[in-house]
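First the structure, in the form of structure tokens, and then the observations on it.
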Amino acid sequence: MLPLMFIIFTLSSLTAVKRLREDIDCSLYLGFDRYNAEHLYDDSLRENKATLANGALISKLDGSCGVCLQLLDGEVILDGENFKGLPHLGITIALMVNIVNIRGAHELFQTVGSHSDHKEGQYHLEVLDGKVRWFHRNEHGETVFSAETVKQEIDEKVWTELAVTYDGHSGVSKIYKNGIMIKEEVSDAMPLSSDWGLFAGIGNFKGDRELKGYIDEFYIFNRTLNDSEISAIHSHCKGALASQIMHLRFGEVDGNVSIDSSYQGNNGYFVGTVTAGSNGTCGPAVQVATSKLNATSEISLRGSRFHNKPTDACTIALWVKLEDETGKHRLFYTTGGHSMHTHEQYELSVQEGAIYWIHHNEYDQKIFFVKTEPVVVKNEWTHIAATYDSTKEIAVIYVNGDIKEGANGAGALSEDWDGKAAFGKHFGSNEGYDFFDEIEMFSRELSPLEIRQMFMKCSDVLPYGMRSSIPNDKYVHLLKLLQKKNRSLRYRRDTQNQSQLIYMTFDRIAGDKVFDDSGYSNQGSLVGLSKLARDAGKCGHGLRFQGGYILLNGNTIKNKPRTGITISVWVYMDSIEGQQEIFQTIDSKKAVNKHGMYYLEVSNGQLRWFHRNEEGETIFSVETNKKTLLQKEVWVHIGATYDSESKKAIIYGNGEKIQEDDGYGYLSQDWDGQVSIGKFFDSSDSGENLEGREFHGILDEFYIYNRALSQVEISRLSQICDFRRVVLYYSFEKIHMERIYDQSGLSNIGKLINHSDIVDGKCGKGLNFSEHSYISLFGDEFRQKPSNAISVSVWLRLNTNRGRHEIFNTIGSRSLHKHDQYDFAVIDGCISWFHKDHLGKEIFKIETKPVCRPRQWINLIATYDSQEEKAQVYLDGVLVKETKGSGYLSQDWGHFAGIGLHYYENTHLNGAVDELSIFNYALPPDEVVFISTGSCNYVM
């Protein structure tokens, strides 16, 4: 589920498009995206000749399927004398048309014979004041058929799918609009004229019925297509999917050809050593070997034959895994065949872990240049998406669903791919392979929400925690900054007075080097690497400590804390027993204080925050003592601050102030000894070096500031990794036995209790709940439960709207009550949305009037936001009811958490569900509307 991406089409209809193009009975197919000067390429098997004449142009118009034919003057002339596959007993013409002004006569298709008994037009497909006329007379002047709609069917400046047929066996002629038959006439069965010798073309021969408008996706068949074929023929051009111009899944490979699932016919061709069948992200992947000097390995697109090249905007998205991260890895590149230069035009590449997204047009003008920091890790699957929109003048790179970098650009995109267009070419330092899966290309800029969906669709391959969320406001913020400053700007979480000294995400590690993203390049070094493993974190990768530690070079740290300091970090402990060091500084060479200066350490679940200066004077010392702050195998956010002006040292836990004590004096500037994360160091009176108190667990999102952050700022840091994301997503495409796999990336797997049938859902597969079936969510183990806000979205098809149909229900095990906490249900057609926290306080309650219809798919979305103090319910994107609420959401799902069962009443949902998601924020109206349109997370 998840917003904005693809309109649903059945597999059979899209397969029909491909089959029809390759049908021997298809005599002509002009998509108008392949041309050379005035010559148009026919992409049917017949390869008939077509020519732009007298001012006909190739253009682009909103709603066209790629580029289209512009006929404000002129026509397209077919070689009628030598036309291969002439219709004899049956004909179909199908096209998309957009007329500027429907008044008068507009000839869409016409033929005139060269050796007939007359010189009148034979075929006439025309629009007369908005009515459609379909007519044919044979060589002898006899009318074979004549059909005309009674009323206006063509609106001006609107794309219309038009198709006409004739069956010479039955004498039936038909006219179709947007896949639906609107006119049928029966006449005497007669064969069709085979004389197209004097003129055959799109537009008018004599010039008195000139077409003023646009034509796209033009077909001629020498047989009569049936209703389902007519309905399917333009399906690939409808809605959002019209912009998808290529999709290589690698599940369908024919020899050395990977079939394009977008049905644009843009197949991938394996060149050199390219092998299919390895494990990918959403199925099979391909591996591309390192290219040699005289032996290139890549996935070629045959650029000169590529359909619907992007002109004004584009998106390229793919999954990649590199066995060797050295050298240049060309994920995608093109070169021109008739441009003013011979070097690369498109370049999406990885170099030393950094991603480059570059484009030069045919004239060697730089359209955009974007580069990220090193983010691609060897031997790990990474989802990369690169976008550009010439109207917004911005190019953006996404990594694993998150915006990583953006830059301004200007100008249209090159359409010259005649030299090369390929994926996967690389020259590494060894024999390593590059693995690819789910390569997609669009002729528009996808939104951040769409790219997040695309990433989540196959994100199961990543370890828990390596997930992302893209608040739309982050993208808007980046866009405004880029346009204002007209330069590349990397998103930073804190820039106030350059107070952020160290920021380690642990997503970027190369060898023993841990990169600092504060902008100061205070990199760390891993020590004890054999006992230190990268692992899943709270926000992407974390760093798992098992006896190892990180050393920082204190000598090179600039702007060391003097009047204030903050350390902020996410902590996950394997055990809370004993003493474990998180952060420490020590200079054993000092004359007075040979012991530690800064200590941030855990002792049996309590946290100690301490500092003494070079002279051995204690500046502050604060320790939690009221309750155990740290717990085993539970993520806790820690903040520790000191401010010399207020003379306060404070410890925060999960954004809340836990302990405060007074301090006095300024902070030591001596960081010249050892600055360590994850281990304790000391020196004995005899000068012997001591060490111990190793930290065992995972750290993530480690910050040091040279000022004391406020509680609001600490709280904001603690929320960064929980901000605006989906925490549960069941598409019901991935079910094994009783296990229902979560595609949110958090592995919140559900267990199917009792048997339920897989049925056709709203987006692919759905789940039909039987009388006693439901889904158990394992509430105690559920990761990242919403705490401040929530949205639950589901597609439902109820067999009846009578009675209770439970969608989502939880009951606590450690709460002060045993009543329902979450209760989201349809009761006698009414929507019920209710929550009570662990103390028994009612947070919100909504009950609507009867609005839910049975036996049809409906979309329900229920939201709550504690900051807005508002709960809402939506039906099919329309707000049904809202009410005030107050308080935070219960974290206790321990007794029961499930889908499809009300625990106490033992009542079950009676019907089918699909695309069920839980978010940790209240969906804004635009996302609600998008979800409710039925947009899906994948193309079937």
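Take 305 as the starting number for the sequence shown in my numbering and just add one per residue.
We treat Cβ as the ideally placed atom computed from N, Cα and C, and that holds for glycine.
This one's a predicted model, so the numbers in the text were calculated from it and none came from an experiment.
How many angstroms separate the CA atom of residue i from the CA atom of residue j?
i     : j     : result
G576  : G555  : 20 angstroms
R1101 : I962  : 48 angstroms
E949  : T867  : 7 angstroms
N983  : K596  : As written in the sequence, residue 983 is Lys, which differs from the Asn given in the question. Roughly 47 angstroms separates the two Cα atoms.
E424  : Q456  : 26 angstroms
K1245 : Y427  : This structure cannot settle anything about residue 1245, because the visible part of the chain is limited to 305 through 1244.
D520  : G505  : 14 angstroms
L1227 : D668  : 44 angstroms
Q568  : D337  : 11 angstroms
F1138 : G584  : 41 angstroms
H274  : D816  : The chain is shown only over 305 to 1244; residue 274 falls outside these bounds and no answer can be derived.
V1217 : F610  : 39 angstroms
I954  : L971  : 15 angstroms
P865  : M808  : 18 angstroms
Y1207 : N1052 : 20 angstroms
L382  : H642  : 26 angstroms
M758  : T686  : 12 angstroms
C1067 : L1032 : 17 angstroms
E918  : Y903  : 14 angstroms
F574  : V590  : 10 angstroms
V700  : S694  : 12 angstroms
R838  : D1127 : Reliability fails at R838, whose pLDDT of 47 lies under 50, so the model's placement of it is uncertain and the value that follows must be treated cautiously. Looking at the two C-alpha atoms, the distance is approximately 39 angstroms.
T1104 : R1159 : 7 angstroms
D966  : K952  : 5 angstroms
Leaving out five residues on either side along the sequence, give the residues of the same chain with a beta carbon under 6 angstroms from the beta carbon of residue i.
i     : result
L390  : S498
G572  : L552, S562 and I603
M550  : D564, S566, N570 and M745
P1090 : L1193 and N1224
V1069 : The amino acid occupying residue 1069 in the given sequence is Lys; Val does not appear at that position. Cβ neighbours of K1069 beyond the five flanking positions: F1036, E1037 and I1062.
S450  : F439
What whole-angstrom Cβ distance do residue i and residue j have, given they're in contact under 8 angstroms?
i     : j     : result
V1249 : I458  : The chain is shown from 305 up to 1244; residue 1249 falls before or after that span and cannot be answered.
L753  : E1231 : 7 angstroms
G657  : E629  : 6 angstroms
I1165 : I1079 : Actually they are not in contact, since the Cβ atoms of I1165 and I1079 sit about 19 angstroms apart, beyond 8 angstroms.
G1054 : L1081 : 6 angstroms
I1008 : I854  : With a Cβ gap of about 12 angstroms, I1008 and I854 do not count as contacting.
V371  : N612  : 7 angstroms
T396  : F525  : 4 angstroms
Pick helix, strand or coil for residue i, following the three-state DSSP scheme.
i     : result
K761  : helix
S547  : helix
E541  : A small fix is needed here, since residue 541 is Cys in this sequence, not Glu. Here C541 sits in helix by DSSP.
F1234 : helix
N1245 : Shown here, the chain extends from 305 to 1244; a query on residue 1245 therefore has no answer.
L361  : strand
D1124 : strand
R325  : helix
S1290 : Outside the displayed span of the chain (305 to 1244) sits residue 1290, for which this structure offers no information.
Q1015 : helix
L783  : The predicted position of L783 is uncertain, since its pLDDT is 47 and thus under 50; a value taken from the coordinates is nonetheless stated next. In this structure, L783 counts as helix in the three-state DSSP scheme.
A536  : helix
G1083 : helix
S829  : strand
D531  : helix
S1091 : coil
Short of 7 angstroms in beta carbon distance, which residues of its chain neighbour residue i, apart from the five on each side in sequence? Order them along the chain.
i     : result
L324  : C330, E533 and I537
R916  : N897, M901, T922 and I923
I1018 : S872, G943, Y956 and G959
S988  : L994
A1129 : R1108, H1109, E1110, I1111, S1136 and H1206
E430  : A409, H410, E411, L412, R437 and R513
Q655  : K632
For the pair the segment 869-887 and the segment 938-949, tell me if three or more CB-CB distances fall below 8 angstroms. yes
Closer than 8 angstroms is the cut-off here; do at least three beta carbon pairs connect the segment 992-999 with the segment 1063-1081? no
Tell me, please, whether the segment 1108-1122 touches the segment 1192-1201 by the rule of three or more beta-carbon pairs shorter than 8 angstroms. yes
Any chance the segment 477-492 sits against the segment 336-356, with 3 or more Cβ pairs inside 8 angstroms? no
Quick test of the definition: if touching needs 3 or more C-beta pairs under 8 angstroms, does the segment 720-729 touch the segment 624-639? yes
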